[in-house]
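Heads up: the structure comes next, in C-alpha coordinates.
Numbering (this note's numbering), first residue to last: 355 to 425.
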(Lines of atoms letter the chains of each structure in order from A; the text may use other names.)
(Lines give C-alpha, C1' and ligand atoms only; values in the text may rest on other atoms or scores of the structure.)
Protein backbone atom coordinates (compact mmCIF):
# COMPACT_ATOMS: atom_id res chain seq x y z
CA UNK A 355 0.00 0.00 0.00
CA UNK A 356 1.47 3.37 -0.92
CA UNK A 357 1.87 6.31 1.43
CA UNK A 358 -0.98 8.26 -0.16
CA UNK A 359 -3.51 5.47 0.31
CA UNK A 360 -2.33 4.82 3.86
CA UNK A 361 -2.86 8.48 4.78
CA UNK A 362 -6.31 8.51 3.21
CA UNK A 363 -7.35 5.37 5.06
CA UNK A 364 -6.01 6.77 8.31
CA UNK A 365 -7.97 9.98 7.77
CA UNK A 366 -11.14 8.07 6.94
CA UNK A 367 -10.78 6.00 10.09
CA UNK A 368 -10.24 9.10 12.17
CA UNK A 369 -13.38 10.68 10.74
CA UNK A 370 -15.65 8.09 12.21
CA UNK A 371 -14.21 8.64 15.66
CA UNK A 372 -14.13 12.42 15.66
CA UNK A 373 -16.83 14.98 16.21
CA UNK A 374 -17.16 18.38 14.61
CA UNK A 375 -15.11 17.56 11.53
CA UNK A 376 -16.33 15.94 8.36
CA UNK A 377 -14.60 13.19 6.48
CA UNK A 378 -14.47 15.46 3.44
CA UNK A 379 -12.58 18.08 5.46
CA UNK A 380 -10.04 15.46 6.60
CA UNK A 381 -9.62 14.25 3.03
CA UNK A 382 -9.14 17.77 1.66
CA UNK A 383 -6.71 18.60 4.47
CA UNK A 384 -4.57 15.60 3.63
CA UNK A 385 -4.63 16.47 -0.05
CA UNK A 386 -3.48 20.01 0.75
CA UNK A 387 -0.62 18.61 2.83
CA UNK A 388 0.37 16.37 -0.08
CA UNK A 389 0.26 19.35 -2.45
CA UNK A 390 2.64 21.25 -0.18
CA UNK A 391 5.00 18.26 -0.17
CA UNK A 392 4.95 18.28 -3.98
CA UNK A 393 6.68 21.65 -3.99
CA UNK A 394 9.67 20.08 -2.23
CA UNK A 395 10.47 18.12 -5.42
CA UNK A 396 13.31 19.38 -7.59
CA UNK A 397 12.27 20.53 -11.04
CA UNK A 398 8.96 21.79 -12.36
CA UNK A 399 8.14 18.53 -14.16
CA UNK A 400 8.44 16.53 -10.93
CA UNK A 401 6.30 19.06 -9.09
CA UNK A 402 3.64 18.85 -11.81
CA UNK A 403 3.63 15.03 -11.82
CA UNK A 404 3.20 15.04 -8.05
CA UNK A 405 0.37 17.60 -8.21
CA UNK A 406 -1.36 15.64 -10.97
CA UNK A 407 -1.21 12.53 -8.78
CA UNK A 408 -2.60 14.35 -5.73
CA UNK A 409 -5.40 15.98 -7.74
CA UNK A 410 -6.34 12.84 -9.68
CA UNK A 411 -9.00 11.60 -7.23
CA UNK A 412 -11.89 13.65 -5.88
CA UNK A 413 -13.46 12.93 -2.52
CA UNK A 414 -16.56 11.47 -4.18
CA UNK A 415 -14.42 9.17 -6.36
CA UNK A 416 -12.47 8.10 -3.29
CA UNK A 417 -15.66 7.25 -1.38
CA UNK A 418 -17.08 5.27 -4.34
CA UNK A 419 -13.82 3.34 -4.54
CA UNK A 420 -13.94 2.61 -0.82
CA UNK A 421 -17.52 1.34 -1.05
CA UNK A 422 -16.61 -0.88 -4.00
CA UNK A 423 -13.68 -2.36 -2.07
CA UNK A 424 -15.88 -3.13 0.93
CA UNK A 425 -18.40 -5.15 -1.09
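Ideal Cβ positions, reconstructed from N, Cα and C, are used throughout, including at glycine. All values derive from a computational prediction rather than experimental measurement.
Comparing alpha carbon positions, the residue from 425, 392, 383, 376 closest to residue 407 is 392. The residue among 376, 377, 382 with its C-alpha nearest the C-alpha of residue 410 is 382. Residue environment for residue 421: exposed (fewer than 16 other C-beta atoms within 10 angstroms of its C-beta).
The continuous alpha helix (DSSP H) containing residue 399 extends over residues 398–408.
Residue 393: not part of any alpha helix (DSSP H); DSSP gives it neither H nor E.
According to the DSSP assignment, residue 421 belongs to the alpha helix (DSSP H) that extends over 413–423.
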